[in-house]
Amino acid sequence: MTQTQEIDIGSSGSAKAHKVPRLSPEGKAALDAILKKAVESRVVPAMHFAATTKDGVIYAGQAGEKVFDEPEKGQLYSQTKLVTGVAALQLVESGVLSYDDPAIVEKYAPELWEQPVLLSFTDGKAETEPRKVPLTLRHLLTHTSGLGYGFMSPPLMAYNTAHGLGKTYGGTAADLAQPLLFQPGSRFGYGIGIDWAGIIVERASGLKLNEYFQKHIFAPLGLIEDDVTFFNRPEIVERWQRVTTRNAEGKLVLTQPRRPLTGEPGQLSGGGGLWGTNKAYLTFLRGLLASQDGNGIVSPEGFKLLFEDALPTRADGNTAHANLARMVGSGTTTAVDPALCDNGGQGLGHSIAMCVNLLDSAGGRRKGSGTWGGIATTEFWLDPEAGIAACGGTQFLRNREVEDRTQKDPFAKVWHELETTLYKYLEY
Numbered sequence: 001m002t003q004t005q006e007i008d009i010g011s012s013g014s015a016k017a018h019k020v021p022r023l024s025p026e027g028k029a030a031l032d033a034i035l036k037k038a039v040e041s042r043v044v045p046a047m048h049f050a051a052t053t054k055d056g057v058i059y060a061g062q063a064g065e066k067v068f069d070e071p072e073k074g075q076l077y078s079q080t081k082l083v084t085g086v087a088a089l090q091l092v093e094s095g096v097l098s099y100d101d102p103a104i105v106e107k108y109a110p111e112l113w114e115q116p117v118l119l120s121f122t123d124g125k126a127e128t129e130p131r132k133v134p135l136t137l138r139h140l141l142t143h144t145s146g147l148g149y150g151f152m153s154p155p156l157m158a159y160n161t162a163h164g165l166g167k168t169y170g171g172t173a174a175d176l177a178q179p180l181l182f183q184p185g186s187r188f189g190y191g192i193g194i195d196w197a198g199i200i201v202e203r204a205s206g207l208k209l210n211e212y213f214q215k216h217i218f219a220p221l222g223l224i225e226d227d228v229t230f231f232n233r234p235e236i237v238e239r240w241q242r243v244t245t246r247n248a249e250g251k252l253v254l255t256q257p258r259r260p261l262t263g264e265p266g267q268l269s270g271g272g273g274l275w276g277t278n279k280a281y282l283t284f285l286r287g288l289l290a291s292q293d294g295n296g297i298v299s300p301e302g303f304k305l306l307f308e309d310a311l312p313t314r315a316d317g318n319t320a321h322a323n324l325a326r327m328v329g330s331g332t333t334t335a336v337d338p339a340l341c342d343n344g345g346q347g348l349g350h351s352i353a354m355c356v357n358l359l360d361s362a363g364g365r366r367k368g369s370g371t372w373g374g375i376a377t378t379e380f381w382l383d384p385e386a387g388i389a390a391c392g393g394t395q396f397l398r399n400r401e402v403e404d405r406t407q408k409d410p411f412a413k414v415w416h417e418l419e420t421t422l423y424k425y426l427e428y
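Quick note on numbering: the working numbering labels position 416 of the sequence shown as 416, and the sequence is numbered without any gaps.
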C-alpha cells in the first residue's frame, strides 16, 4: 500500500457550452402515468424514475408505497461500477495510474499476476494454461480480463467453491484471486474485473474505496457519506426498500437480497457494493454531465473517454462485442434497444466505465450514450448529445425460472416506455 496520494482532478483543456433541454408539462404527466400503471399492474412493487440536465433535475416521479428515494435506500449493486470507473479515470488523469501499462496491475494487484486460465474443472481437478497476455487496468474495466463471476460460469463456481474463493462480500482481496476464464483481451466476459480495479484505486491512492469516493467524487457534489455508502449500518438497513421477486405462481413476494444485511463488508466491492438513494445517484450523474463543460468531477477530455468504445476491435474474429450483446440482450444487466444487439452487437460497445451506444436507439438515447444497471432492477443512462441523464428502478430480483423468456422483460418494457416518452417531450 502506498502513502495517501494527493490527487489533482481539476478540469483541464477547452470546454464549450452544451444545450440544456427542459421537459414539457405534458411530458411530466405522461411519465407520472407510466409509473402509476406499472405499479398498479404489479409489474413492479414500487418504482422511481428521475432525469436531470447538467443544471438540475427536470423530472422526478415515483409510484408505490416505498421507493428508494429520500429517506429510503436501495442496493445499487453494479451501478457501483461506473463510480469505480470514474475513480480510476481520475487517477489516470492525474498520472497515478495508466490504462495500458501492465506494470500497474503487477504493482498494485500482484495476486493476479500469476493467475492461470481455467480451461475446465471436473471431479475436483482443474485443467489450466498459463496466461499469455499481460493484464492491464483497461482489461479490468472493460470486462476483457478473463475474471468472471462464478454464478455465470459453472466451472469457475466449482473451482471457487473447492478453493474457498469468489467471495465478493465480507471477504478479502485474496478471496478474489481466482483464475481467468480466457486470455485477456480475447473476448468480453462479465465479472469481478472492476472489483480489482477498485482494489487498485485503494492501493494507488492510499485511501479505502469509501474514503476515495467521498473525497474525490461525492463530497464535491454536495453528497454526504450517508447518501451513498458501502456500509449496512442499522440505520441504513432500516430505511432499505425490501427486495421482491416472483413466486412459482408469478405473484410478487418478499425475498432475501443477494448482499447480506448484517456483518462487515470486508473488501469493499467496486463492482457492486454501494447502497444509496436514487436522488443521490442522479446527483452523481449530474456531476458527470457538468464535466462536459469543464465544471464537473472529471476533465472534458476524461468525460469523452467515458463514452468511447474501449473493447478490442472485431478484427481477427475477436468476439468481445458479440459477447457483450449476447449478455445485454438476455436482460441480465441493462435494458437497451434490442436492435443494438443485432449482427453481433453492431450498436453496442463498452468504455472504460460502462456500456455505450454505437448507434442511436429508436426514439431514445443517442449514439455516444452510456448505460448500466444493477441486479436488483435499477438502471441509469447518460446521453451527452441530448444533454440529459436518467436513473431509476426498484428493488426486484428476477426469477428466471418463472419468467417466460420468450416474452419481453416486463420491466424492460416499462423502462423503454419511460425513455421514449422522456425524449418525446424534451424541449430545447
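Virtual Cβ for every residue (Gly too), placed ideally from N, Cα, C. Treat the numbers as computed from the prediction; the structure is a model and nothing was measured.
| field | Whole-Å CB distance - Ile192 paired with Leu147, under 8 Å assumed | value | Taking the first residue of the sequence shown as 1, we reach residue 192 at position 192. Taking the first residue of the sequence shown as 1, we reach residue 147 at position 147. Beta-carbon to beta-carbon, Ile192 and Leu147 are separated by about 5 Å, close enough to satisfy the 8 Å threshold.
| field | Cβ contact check for the segment 379 to 391 and the segment 20 to 29: 3 or more pairs under 8 Å | value | The segment 379 to 391 is in contact with the segment 20 to 29.
| task | Thinking Leu165 and Gln183 are a contact (beta carbons under 8 Å), I'd like their distance in whole angstroms, please. | result | In the sequence shown, the residue the question calls residue 165 occupies position 165. In the sequence shown, the residue the question calls residue 183 occupies position 183. Cβ-Cβ separation between Leu165 and Gln183: approximately 20 Å, too far for a contact (criterion under 8 Å).
| query | Which residue or residues does DSSP assign as beta-bridge partners of Met327? | reply | To locate residue 327, count along the sequence shown from 1; it is residue 327. Bridge pairing for Met327: absent [DSSP].
| Name the DSSP beta bridge partners of Ile217, please? | Working through the sequence shown from its first residue, we reach residue 217 at position 217. None; Ile217 has no bridge partner.
| request: If I'm right that Gly271 touches Gly368 with Cβ under 8 Å, what's the distance once you round it to whole angstroms? | output: Within the sequence shown, the letter at position 271 stands for residue 271. Within the sequence shown, the letter at position 368 stands for residue 368. That pair is no contact at about 24 Å.
| said: Let me check understanding here. Comparing Cα to Cα, which of Gly344, Gly317, Leu306 lies closest to Leu324? | reply: Within the sequence shown, residue 324 is the residue found at index 324, counting from 1. Nearest C-alpha to Leu324: Gly344.
| said: Let's test the definition: count the other Cβ atoms within 10 Å of the Cβ of Ile224 and tell me whether it reaches 16, buried, or not, exposed. | reply: By one-based count along the sequence shown, residue 224 stands at place 224. That one is exposed.
| Integer-rounded CB distance, given that Trp381 should sit under 8 Å from Arg365 | Numbered from 1 along the sequence shown, position 365 holds the residue referred to as residue 365. Numbered from 1 along the sequence shown, position 381 holds the residue referred to as residue 381. Contact holds; Cβ gap of about 6 Å.
| query | Are the segment 94 to 101 and the segment 354 to 365 in contact at 8 Å, needing three or more beta carbon pairs? | reply | Flag = no, the segment 94 to 101 and the segment 354 to 365 do not touch.
| Runs of alpha helix (DSSP H) lying entirely within the segment 113 to 169, each at least 4 residues, in chain order | With a minimum length of 4 residues, the unbroken runs of alpha helix (DSSP H) contained wholly in the segment 113 to 169 fall at 137 to 141, 154 to 163.
| query | Taking the runs of the alpha helix (DSSP H) that are 4 residues or longer, which of them lie wholly in the segment 261 to 323? | reply | If only complete runs of 4 or more residues are kept, the segment 261 to 323 shows the alpha helix (DSSP H) at 278 to 291, 300 to 305, in order along the chain.
| query | According to DSSP, is Ala87 helix, strand or coil? | reply | Indexing the sequence shown from 1 puts residue 87 at position 87. Ala87: helix per DSSP, three-state reduction.
| With DSSP run on the structure shown, which of helix, strand or coil describes Glu225? | Taking the first residue of the sequence shown as position 1, residue 225 is located at position 225. Here Glu225 sits in coil by DSSP.
| Cross-strand partners of Tyr77 (DSSP beta bridge) | As a position in the sequence shown, residue 77 is number 77, starting the count at 1. DSSP, once it has assigned bridges, lists Leu274 as partnering Tyr77.
| query | How many Å lie between Gly374 and Leu274 at the Cα? | reply | As a position in the sequence shown, residue 374 is number 374, starting the count at 1. As a position in the sequence shown, residue 274 is number 274, starting the count at 1. Spanning the alpha carbons of Gly374 and Leu274 requires a straight line of approximately 10 Å.
| message | Here's the rule: buried if 16 or more other CB atoms are within 10 angstroms of the residue's CB, otherwise exposed. What is Val117? | response | As a first step, residue 117 must be located in the sequence shown, where it is residue number 117. Taking all protein chains shown into account, Val117 has 16 or more neighbouring C-beta atoms within 10 Å of its C-beta and is therefore buried.
| query | By DSSP, does Val429 sit in helix, in strand, or in coil? | reply | Residue coverage of the chain in this structure runs from 1 to 428, which leaves residue 429 outside it and unanswerable.
| Close beta carbons around Arg314, own chain, < 7 Å, minus the five adjacent residues each side | Locating residue 314 in the sequence shown gives position 314, counting from the first residue. Cβ neighbours of Arg314 beyond the five flanking positions: His321.
| request: With DSSP as the reference, label Tyr108 as helix, strand or coil. | output: Taking the first residue of the sequence shown as position 1, residue 108 is located at position 108. Helix at Tyr108.
| request: Round the Cβ separation of Tyr281 and Leu35 to the nearest angstrom and send it over; I've been treating them as touching at under 8 Å. | output: As a working note, residue 281 is residue 281 in the sequence shown. As a working note, residue 35 is residue 35 in the sequence shown. Actually they are not in contact, since the Cβ atoms of Tyr281 and Leu35 sit about 17 Å apart, beyond 8 Å.
| query | Per DSSP, Asn357 forms a beta bridge with which residues? | reply | What you label residue 357 is simply residue 357 of the sequence shown in a count that begins at 1. Bridge partners of Asn357: Leu348.
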